[in-house]
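Under my numbering, residues 49 to 125 are what the sequence shown spells out, in order. All C-beta atoms in this analysis are idealised placements derived from N, C-alpha and C, irrespective of residue type, glycine included. None of the values given here were measured: they were computed from a predicted structure. Structure first, commentary second.
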Amino acid sequence: MRQRDIQSELNEASTTLAIFMESYNKSIPLNFPQASVKALRQFQTTFPVLFKNGDQWSIDRHRKKLMDWLSSYRAVA
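Now the structure itself:
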C-alpha cells in the first residue's frame, strides 16, 4: 500500500519541464513518440489552460493529453 502512495505522490507532484520529459520518455511504450523540449513548449502554447501555475508539469495532469497530442503533432511536423 505504501508503494502506491509514493507512486501517486510522484505522479501528482509538480516538476520542471526537463524532469517531466525524462520521466515521460522513460514510461511510454516504445512505439509512442518521445517528447522533446520543442514539442513540450509547443504543447504549452497550444494548451495554456493546463499551465495556470506557470511552467509546472505533472504526470497526472499532462501525460494523457500529451500522448494524444504528440501523435498529431508528429504527423504535422
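Next item on the list: Please state if the CB of Trp117 and the CB of Arg64 are separated by a distance shorter than 9 Å.
Entry: Here residue 64 corresponds to residue number 16 of the sequence shown, with the count starting at 1. Here residue 117 corresponds to residue number 69 of the sequence shown, with the count starting at 1. A small correction: the amino acid at residue 64 is Thr; Arg does not occupy that position in the sequence shown. Cβ atoms of Thr64 and Trp117: not closer than 9 Å.
Check: Between the beta-carbon of Leu88 and the beta-carbon of Met69, is there less than 9 Å?
Finding: Indexing the sequence shown from 1 puts residue 88 at position 40. Indexing the sequence shown from 1 puts residue 69 at position 21. Going by C-beta atoms, Leu88 is nearer than 9 Å to Met69.
Checklist line | 7 Å Cβ shell around Phe91 - same chain, five flanking residues per side excluded | finding: Numbered from its first residue, the sequence shown carries residue 91 at position 43. Leu114 and Trp117.
Margin query: Between Ser71 and Ile107, how many whole angstroms is the CB-CB distance? I'm expecting something under 8 Å.
Written below: Counting from 1 along the sequence shown, the entry for residue 71 is found at position 23. Counting from 1 along the sequence shown, the entry for residue 107 is found at position 59. Ser71 to Ile107, Cβ: 6 Å. Contact.
Next item on the list: Look at the alpha carbon of Gln82 and the alpha carbon of Ser120, and state the distance between them as a whole number of angstroms.
Entry: As a first step, residue 82 is located in the sequence shown; it is residue number 34 there, counting from the start. As a first step, residue 120 is located in the sequence shown; it is residue number 72 there, counting from the start. So the alpha carbons of these two residues sit roughly 13 Å apart.
Margin query: Let me check one thing: in DSSP terms, what residues is Thr179 bridge-paired to?
Written below: Nothing in the structure corresponds to residue 179, since the chain is present only between 49 and 125.
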